[in-house]
Amino acid sequence: MMEIYITGDLHGDLRRFQPEVFYEQEGLTKEDMALVCGDFGCVWHGDGRDDESLDWLERRPFTTAFVTGNHENYDALRKYPLEEWRGGIIRRIRPSVILLERGQIFDLGGKRFFTMGGASSHDIQDGILEPDDPLLKKKCRVLDARGAMYRVNHLSWWKEELPSEEEYQTARASLDRAGWEVDCIITHCCSTSVQDELSGRFYQADALTDFLEEVTQRCKFKYHFFGHYHMDRIIQKKYVLLYEQIIRLKL
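So the sequence shown is numbered by our numbering: it starts at 20 and just counts up by one.
Spelled out as structure tokens, the structure:
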């Protein structure tokens, strides 16, 4: 029987998958999975600088699968071709390192997993700079000096952090075919109401959190796993926020 472990944001830091930390991997095989709830971050440069981390993950005894977060290089990710896998669409980064595309439902160990990556960045209050701006370096120095929160388009921020209308349509069509019933939901951010409960309405609702509100209200499911908010917490028994913790799924 497939074993499934779930964790939160990696941001390219693989220390939690070291054998002395994630000791359960000793008994795992490539049929078993570690799911990452967004901000995977190991496809960041889009070139050979990513190879060391990705090759190390490939050598782990388990398969790694992830949904996208808001801190991903979407230009690099889209270079990997789409293929069908276990009932849904993926991009295969390495033979056993897999991006689970948005709006898909996958059969993992006989259970249905709905995936919808993406989230709004919370660290862009001071703006998005353009990489071809002749004053970019000067602006960055000024912003850095005052500890500003900004990003650079196509270097540290991508508009694709939020789904397109086509991806929302794909998601609704997938859930229609499944009769709006799955076992688990895997995302990066969460629904608007859960986000409000987590943050006291500190974070703004957006199209994706509102969509996930619709999904969690209409859909029959056992657990919704997500990351993004950098803490480990259970809300209302079935909403599971993960950051550094790795949990074994029991259904």
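Glycine included, every Cβ here is placed at the ideal spot set by N, Cα and C. As the structure is a computational prediction, the values presented were derived from the model and not from experiment.
Closer than 7 Å: residue i CB and nearest the ligand GTP heavy atom
i   : result
L47 : Only the bare structure without any ligand can be found here, which leaves the ligand GTP out of the picture.
Check whether residue i and residue j have beta carbons under 8 Å apart
i    : j    : result
V86  : I205 : yes
L162 : L155 : no
G136 : H207 : yes
R113 : L73  : yes
C61  : L96  : no
M52  : M20  : no
Y24  : R267 : yes
E184 : S210 : no
S14  : E180 : Because the chain in this structure spans residues 20 to 270, residue 14 falls outside the shown range and cannot be described.
H247 : G128 : no
F133 : L174 : no
D145 : M168 : yes
I124 : A197 : yes
R111 : E103 : no
Unbroken alpha helix (DSSP H) run spanning residue i, endpoints
i    : result
Q214 : T211 to S218
V259 : First-last for V259: Y258 to L260, but that is the beta strand (DSSP E), not the alpha helix (DSSP H).
S119 : The question names Ser, yet the displayed sequence has Leu at residue 119. First-last for L119: V116 to L119, but that is the beta strand (DSSP E), not the alpha helix (DSSP H).
D251 : Where D251 is concerned, there is no enclosing alpha helix (DSSP H), given that its DSSP letter is neither H nor E.
D70  : D70 to E77
Residue from the options whose Cα sits closest to the Cα of residue i
i    : options                   : result
L261 : E103, M21 and D58         : D58
C56  : L270, V259 and K269       : V259
I108 : R121, L96, R97 and D28    : R121
R131 : D145, G106, L76 and W75   : G106
K98  : L127, I124, G128 and H64  : H64
L54  : G27, W75 and G31          : G27
L33  : D69, L101, E50 and L47    : D69
D142 : P153, W177, Q123 and D151 : W177
L217 : H249, D152 and M168       : H249
Q44  : L76, T189, D66 and G67    : L76
N172 : K257, D94 and Q264        : D94
Coil, strand or helix - residue i by DSSP
i    : result
W307 : Residue 307 cannot be examined here, being either before or after the span of the chain that is shown, 20 to 270.
K49  : coil
E200 : strand
K130 : strand
R160 : helix
L96  : helix
L231 : helix
A84  : strand
F244 : strand
L155 : helix
R165 : coil
Enclosing beta strand (DSSP E) for residue i [first to last residue]
i    : result
A192 : Unbroken run through A192 is the alpha helix (DSSP H), E184 to R196; no beta strand (DSSP E).
W104 : L101 to W104
L127 : Q123 to L127
Y24  : I23 to T26
G57  : Looking at the DSSP string, G57 is not in any beta strand (DSSP E), and its letter there is neither H nor E.
R110 : G107 to R113
I266 : I265 to R267
Exercise. Does the segment 104-121 come within contact of the segment 78-96, defined as at least 3 CB pairs closer than 8 Å?
Worked result: yes
Exercise. Does the segment 231-248 come close enough to the segment 194-213 to have 3 or more Cβ pairs within less than 8 Å?
Worked result: The segment 231-248 is in contact with the segment 194-213.
Problem set entry | Any 3 or more C-beta pairs closer than 8 Å across the segment 212-229 and the segment 31-49 | no
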